[in-house]
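Asker: Going line by line, the protein sequences match chains L and X. Quick note on my numbering: the first sequence kicks off at -8 and runs consecutively. Quick note on my numbering: the second sequence kicks off at 7 and runs consecutively. From the three backbone atoms N, C-alpha and C, an ideal C-beta is built for every residue, glycine too. This is the structure I have questions about; it appears just below.
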Amino acid sequence: MNALALGVARARYETRVYFRQGDTILFTFLFPIIMLTIFSVAFSSAGNIGTLPDGSGGIAPAAFYLPGMIAAGILLSGVQNLAVDIAVERGDGTLKRLAGTPLPVVSYFIGKLGQVFATSILQIVLLIAIAHFAFGVELPTDPAKWATFVWIYALGMITSAVLGIALSRVPRSGKSATAVIIPIVLVLQFISGVYLQFSMLPVWLQNFASVFPLKWIAQGTRSVFLPASFETQEQGDVWNLTGVAVVLGIWLVVGAVAALVTFRWIRKDS
Amino acid sequence: MTPTTQDHVIVRDLRKTYGSFAAVDGVSFEIRRGETFALLGPNGAGKSTTIEILEGYRGRTGGSVTVLGEDPAHAGRDWRARLGMVLQSSGESGNVTVREQVAHFARLYPNPRGVDETISAVGLTDKAGTRIKALSGGQRRRVDVALGVIGRPELLFLDEPTTGFDPEARHEFWELIRSLKREGTTILLTTHYLDEAAQLGDRAGVIAGGRLIDIGRIDEIGGQAARIPVVRWRDSSGLHEERSTTPGALVSRLHATLGDQLRDLEVVRPSLEDIYLELVAAHSPAAAALETVGAHA
């Protein structure tokens, strides 16, 4: 069987295992959906957000938080999911066992990416469906907006996935993986405009967050799902999709190089 | 012994050092096609390091290694497709059923064994639909064995395969290994159970302190002297033990001289375990240290 077919077989296997792990389901798959629900319900009586002086342009909390939660989902499905997953597989002997079989290493990664894309697409469909049907969030009708969403999702997801693979080297053991990775991911969510409105953060914190990819993924998803009137709340008063592409592109290259340099399939210690 | 093309494993003067510590210090042996070779030795003797070098997991410091005609340090996928490995430890979370796991690994090999046939061979037919994490330690080990043999390996590495098995499971496992032997599979076995090595092995090598201290047919390990039967008996002056090549004559002489005083008589042929323990004790640093202490006392 060729490497691609084996990769597809791995993806099916990986996806099945993903949905059988209670902690992954809760902290990666359902987390943005739960947060969206909490924010939408908690702030539902606080009125619309971003209402202009003439009384127009405001949107409901659910609509305001949807793009941030989609961005968080992309980060969690890639960075948190893969960094923890691979660190655990390295710790419990799964990687070593696979390395002793004829499975090509490229098929292993096709399997991981297949799992990441399959689960995150399902996650985002659920997020959008709940926002729309449960909280009445209006979705973009312009096909160009959806086209933008597709490339931002694809670029954000692949970047997030390679960063997850690279970060899987950081925990010293499989047991410590969640304790090492979750705080990193959580802090990023707070400073990148997922839970807190980005424009309300001090400028120095905005600049710090701009170093990392999540701020740009969230900015990209906001450009798709928020009304045009919100553009002035971004840094420089523009959606800056070129900036989104450039910063994510740089992180993609950095993450891919780090993943290639640090990943060990068959361990060679001499 | 001269290595031939019939040898599936050829190890020549293998060395592996970590800093100044030599984990493996000049080990040489061959395993012939179809042979079951038991590698014995105490913990830390260099068994696992040796087997991991043969499996391709570790590099070596010196010497040459050929496994199925290739150097494990540079061998690729086609080579791994001909190998089966039951590694020493496995702690996977096991969120898949036995059948799912075995079927998935079957896909990784070009010419796998039947999934249900393999599950049956390791005695897990009743557990085929159970998630691996819900199995007992011994049952999980059988899954490891199933994954090791699913690809119809020409050479199978078994690194302490029956740790945690109850006696019944161990006997069933031996039957499984015997059937693999009958099919012509070459097997390298490490184990702490000397009866297991005696049951399954054709030849054995004993490693201590990174060196091969003995190698030979299972019934020759330790040499002829180590196999001389031991006669034990008790009389009015206490317990006695004597090695004799003619135990029958010794027993009849004891009976004639001691008469009713002769009690607890037994004639014991040293087991592989007795011989092994003697061999290892003679080569251990602790034994050397004790001798030194004794000399100064």
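Kindly identify the DSSP beta-bridge partner or partners of V17 (chain X).
Answerer: By one-based count along the second sequence, residue 17 (chain X) stands at place 11. According to DSSP, V17 (chain X) bridges with X:F35 and X:V71.
Asker: DSSP state of V194 (chain L), grouped into three classes?
Answerer: The sequence position of residue 194 (chain L) within the first sequence is 203, counting from 1. Correct three-state label for V194 (chain L): helix.
Asker: Check the Cβ-Cβ distances between A78 (chain L) and every residue of chain X, and say whether any is below 8 Å.
Answerer: The sequence position of residue 78 (chain L) within the first sequence is 87, counting from 1. Cβ-Cβ to chain X under 8 Å: no for A78 (chain L).
Asker: Using a Cβ-Cβ cutoff of less than 6 Å, which residues in the same chain neighbour E160 (chain X) once the five nearest sequence positions on both sides are dropped?
Answerer: Translated into positions along the second sequence, residue 160 (chain X) becomes position 154. Counting only Cβ-Cβ distances below 6 Å, and skipping sequence neighbours, we find R88.
Asker: How many angstroms separate the CA atom of R259 (chain X) from the CA atom of P276 (chain X)?
Answerer: Within the second sequence, residue 259 (chain X) is the residue found at index 253, counting from 1. Within the second sequence, residue 276 (chain X) is the residue found at index 270, counting from 1. One C-alpha to the other measures close to 22 Å.
Asker: Within a Cβ cutoff of 7 Å, which residues of the same chain sit near T124 (chain X), ignoring the five residues on either side of it in sequence?
Answerer: Sequence index remark: in the second sequence, residue 124 (chain X) carries index 118 (1-based). Excluding positions up to five away in sequence, the list reads V108, A152, V155 and I156.
Asker: So does the segment 112 to 120 of chain L actually touch the segment 24 to 38 of chain X, counting three or more Cβ pairs closer than 8 Å?
Answerer: With a cut-off of 8 Å, the segment 24 to 38 of chain X and the segment 112 to 120 of chain L do not count as touching, because too few Cβ pairs lie within range.
Asker: Output needed for R209 (chain X): all residues of its chain with C-beta closer than 6 Å, excluding positions within five of it in sequence on either side, in chain order.
Answerer: For this step, residue 209 (chain X) is matched to residue 203 along the second sequence. So the qualifying residues of the chain are F43 and R223.
Asker: K166 (chain L) by DSSP, collapsed to three states: which one?
Answerer: Translated into the one-based positions of the first sequence, residue 166 (chain L) becomes position 175. K166 (chain L): coil per DSSP, three-state reduction.
Asker: Would you check if there are 3 or more beta carbon pairs closer than 8 Å linking the segment 100 to 111 of chain L to the segment 62 to 72 of chain L?
Answerer: The answer is yes - the segment 62 to 72 of chain L touches the segment 100 to 111 of chain L, with three or more Cβ pairs under 8 Å.
Asker: Taking DSSP's pairing of strands, which residues face Y24 (chain X) in a bridge?
Answerer: What you label residue 24 (chain X) is simply residue 18 of the second sequence in a count that begins at 1. The partner list for Y24 (chain X) (beta bridge, DSSP) reads X:F27.
Asker: DSSP three-state call for H289 (chain X): helix, strand or coil?
Answerer: Start at 1 with the first residue of the second sequence, and residue 289 (chain X) comes out as number 283. Note: H289 (chain X) maps to helix in three-state DSSP.
Asker: Is the beta carbon of G165 (chain L) sitting closer than 8 Å to the one on V79 (chain L)?
Answerer: As a first step, residue 165 (chain L) must be located in the first sequence, where it is residue number 174. As a first step, residue 79 (chain L) must be located in the first sequence, where it is residue number 88. Going by C-beta atoms, G165 (chain L) is nearer than 8 Å to V79 (chain L).
Asker: Please state if the CB of G69 (chain X) and the CB of R18 (chain X) are separated by a distance shorter than 8 Å.
Answerer: As a first step, residue 18 (chain X) is located in the second sequence; it is residue number 12 there, counting from the start. As a first step, residue 69 (chain X) is located in the second sequence; it is residue number 63 there, counting from the start. For R18 (chain X) and G69 (chain X), yes; Cβs fall inside 8 Å.
Asker: Got a sec: is the Cβ-Cβ distance from R163 (chain L) to anything in chain X below 8 Å?
Answerer: Your numbering for residue 163 (chain L) matches position 172 in the first sequence. For R163 (chain L), the answer is no, since every Cβ of chain X falls outside 8 Å of its Cβ.
Asker: So L278 (chain X) and I227 (chain X) are supposed to be a Cβ contact under 8 Å. How far apart are they, rounded?
Answerer: By one-based count along the second sequence, residue 278 (chain X) stands at place 272. By one-based count along the second sequence, residue 227 (chain X) stands at place 221. Going by Cβ atoms, the distance from L278 (chain X) to I227 (chain X) rounds to 7 Å, so yes, they are a contact pair.
Asker: How many Å lie between D132 (chain X) and N49 (chain X) at the Cα?
Answerer: Numbered from 1 along the second sequence, position 126 holds the residue referred to as residue 132 (chain X). Numbered from 1 along the second sequence, position 43 holds the residue referred to as residue 49 (chain X). Distance between the alpha carbons of D132 (chain X) and N49 (chain X): 35 Å.
Asker: Let me check understanding here. Comparing Cα to Cα, which of X:K53, X:F111, X:S34 and X:V121 lies closest to V15 (chain X)?
Answerer: The count along the second sequence starts at 1 and reaches residue 15 (chain X) at position 9. Residue X:S34 is the option with its Cα nearest to V15 (chain X).
Asker: Going by Cα to Cα distance, which pick from L:V178, L:G13 and L:E222 is closest to L196 (chain L)?
Answerer: Numbered from its first residue, the first sequence carries residue 196 (chain L) at position 205. Taking only the C-alpha atoms, the option nearest L196 (chain L) is L:V178.
Asker: Out of L:S201, L:L17 and L:A0, which one is the CA nearest neighbour of V237 (chain L)?
Answerer: Indexing the first sequence from 1 puts residue 237 (chain L) at position 246. Taking only the C-alpha atoms, the option nearest V237 (chain L) is L:S201.
Asker: Taking 7 Å as the cut-off, is the CB of I213 (chain X) close to at least one heavy atom of the ligand GDP?
Answerer: The ligand GDP is not among the ligands present in this structure, which contains no ligands whatsoever.
Asker: To the nearest angstrom, how far is the alpha carbon of L205 (chain X) from that of R176 (chain X)?
Answerer: Reading the second sequence from its first residue, position 199 is the one you call residue 205 (chain X). Reading the second sequence from its first residue, position 170 is the one you call residue 176 (chain X). Here the sequence assigns Gln to residue 205 (chain X), which means Leu is not the residue at that position. Q205 (chain X) and R176 (chain X): Cα-Cα distance of roughly 11 Å.
Asker: Along the segment -7 to 14 of chain L, where does the CB come closer than 8 Å to a CB of chain X? Name the residues.
Answerer: Here the close residues are L(-3), A0, Y4, R7, V8, R11 and Q12.
Asker: Taking C-alpha atoms, which residue in L:G147, L:A219, L:R163 and L:M26 lies nearest to N205 (chain L)?
Answerer: On the first sequence, position 214 is the one that residue 205 (chain L) refers to. Note on identity: in this sequence residue 205 (chain L) is Leu, with Asn being the wrong assignment. Checking every option, the nearest Cα to that of L205 (chain L) belongs to L:G147.
Asker: Check whether the Cβ atoms of V153 (chain L) and A247 (chain L) lie closer than 8 Å to each other.
Answerer: Residue 153 (chain L) sits at position 162 when you count from the first residue of the first sequence. Residue 247 (chain L) sits at position 256 when you count from the first residue of the first sequence. Yes; because the gap between Cβ atoms is below 8 Å, this pair is in contact.
Asker: Name the residue from L:Q210, L:I208 and L:Y186 whose alpha carbon lies nearest to the alpha carbon of F22 (chain L).
Answerer: Walking along the first sequence from the start, residue 22 (chain L) turns up at place 31. With distances taken between Cα atoms, F22 (chain L) lies closest to L:Y186.
Asker: First and last residue of the alpha helix (DSSP H) that includes V155 (chain X)?
Answerer: For the purposes of this step, residue 155 (chain X) is taken as the residue at position 149 of the second sequence. That run of the alpha helix (DSSP H) goes G143 to V155.
Asker: Using the C-alpha atoms, what's the distance from Y144 (chain L) back to G211 (chain L)?
Answerer: By one-based count along the first sequence, residue 211 (chain L) stands at place 220. By one-based count along the first sequence, residue 144 (chain L) stands at place 153. Approximately 9 Å, taken between the alpha carbons.
Asker: At which residues does the alpha helix (DSSP H) containing F22 (chain L) begin and terminate?
Answerer: Residue mapping note: residue 22 (chain L) aligns to position 31 of the first sequence, counting from 1. F22 to A33 is the extent of the alpha helix (DSSP H) around F22 (chain L).
Asker: Do you know offhand how far N263 (chain L)'s Cα is from V212 (chain X)'s?
Answerer: The structure shown has nothing for residue 263 (chain L), since chain L only spans -8 to 261.
Asker: Taking beta-carbon pairs under 8 Å, can you tell me which members of the segment 96 to 115 of chain X lie near chain L?
Answerer: So the list reads S96, G97, E98, S99, N101, V102, E106, H110, F111, R113, L114 and Y115, given in the order they occur along the chain.
Asker: Among X:D220, X:L141 and X:S54, which one has its Cα closest to the Cα of H289 (chain X)?
Answerer: The residue labelled residue 289 (chain X) in the question sits at position 283 within the second sequence. Comparing Cα positions, the closest option is X:D220.
Asker: Which residues in chain X sit within 7 Å of T85 (chain L), going by Cβ to Cβ distance?
Answerer: Within the first sequence, residue 85 (chain L) is the residue found at index 94, counting from 1. Those within 7 Å of T85 (chain L) in chain X are E98.
Asker: If you follow the beta strand (DSSP E) that E248 (chain X) is part of, which residue opens it and which one closes it?
Answerer: Mapped onto the second sequence, residue 248 (chain X) falls at position 242. Residues G244 to R249.
Asker: Anything in the segment 85 to 104 of chain L with a Cβ closer than 7 Å to a Cβ of chain X? List those residues in chain order, please.
Answerer: From the segment 85 to 104 of chain L, only T85, K87, R88, G91, T92, P93, L94 and P95 have a Cβ closer than 7 Å to chain X.
Asker: Using DSSP's beta-bridge definition, name the partner residues of I221 (chain X).
Answerer: The count along the second sequence starts at 1 and reaches residue 221 (chain X) at position 215. I221 (chain X) is bridged to X:G211.
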